[in-house]
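Engineer: First the structure, then my questions, so here it is.
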Amino acid sequence: MSQEAVNPKAYPLADAQLAQSIQELINQAANYKQLKKGANEATKTLNRGIAEFVVMAADAEPLEILLHLPLLAEDKNVPYVFVPSMQALGRACGVTRPVIACSVTSNEGSNLKDPINKLKIAIEKLLI
């Protein structure tokens, strides 16, 4: 998908390299049961305060169905990012269907703590 075809409301958009590392971490989080898939589940994790970061698909149609997530994430001081493809996000989540949003949840004593923190810093740099 080309950069021009992406809705300008989908900000901040991860570049190809960051999107790849985000998808790898999402795949690991799915294995560790630290992943919630879908806009509704992501909203719940933000409201409960257990979301580490939120990933949304920039090609969701219409995009407005998940534009409440950045507002909620900013209220809760949770980093968020858009990736270009919901199909790729679905594969990273370990399902065959496209996924428009997901959130990686916190878990004490998890092996993913360091990679999650590194990725959170990279996502926060996009927001600056």
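Numbering-wise, the sequence shown is residues 1 to 128 according to full-length UniProt numbering. Backbone N, C-alpha and C fix where the C-beta goes; we use that ideal spot for every residue, glycine too. Just so it is clear, the structure is predicted and the values come from calculations on it, not from any experiment.
Please classify ALA14: does DSSP put it in a helix, a strand, or coil?
Structural biologist: As a first step, residue 14 is located in the sequence shown; it is residue number 14 there, counting from the start. Three-state result, ALA14: coil.
Engineer: May I have the straight-line CA-CA distance separating ASN31 from ALA39, to the nearest angstrom?
Structural biologist: Along the sequence shown, one-based indexing puts residue 31 at 31. Along the sequence shown, one-based indexing puts residue 39 at 39. Spanning the two alpha carbons is a distance of roughly 20 Å.
Engineer: Answer yes if the segment 108–126 comes into contact with the segment 61–69, meaning at least three C-beta pairs across the two stretches below 8 Å, and no otherwise.
Structural biologist: no
Engineer: From the DSSP output, in three-state form, read off SER21 for me.
Structural biologist: Counted from its first residue, the sequence shown places residue 21 at position 21. Residue state, collapsed to three classes: helix.
Engineer: Tell me which residue opens and which closes the beta strand (DSSP E) that LEU35 is part of.
Structural biologist: As a first step, residue 35 is located in the sequence shown; it is residue number 35 there, counting from the start. It spans 35–37 - the beta strand (DSSP E) in which LEU35 sits, taken as one unbroken run.
Engineer: Decide if PRO8 is buried, meaning its Cβ has at least 16 other Cβ atoms within 10 Å, or exposed.
Structural biologist: Taking the sequence shown and counting its residues from 1, the one referred to as residue 8 is at position 8. Result: exposed.
Engineer: Check the DSSP bridge columns for VAL6 and list the partner residues they point to.
Structural biologist: Translated into the one-based positions of the sequence shown, residue 6 becomes position 6. BP columns for VAL6 are empty, so no partner.
Engineer: If you draw a straight line from the C-alpha of CYS93 to the C-alpha of GLU74, how long is it?
Structural biologist: Position 93 of the sequence shown, counted from the first residue, corresponds to residue 93. Position 74 of the sequence shown, counted from the first residue, corresponds to residue 74. About 23 Å.
Engineer: Would you mind working out which of LEU46, PRO79 and LEU69 sits nearest ILE128, comparing C-alpha positions?
Structural biologist: What you label residue 128 is simply residue 128 of the sequence shown in a count that begins at 1. Residue PRO79 is the option with its Cα nearest to ILE128.
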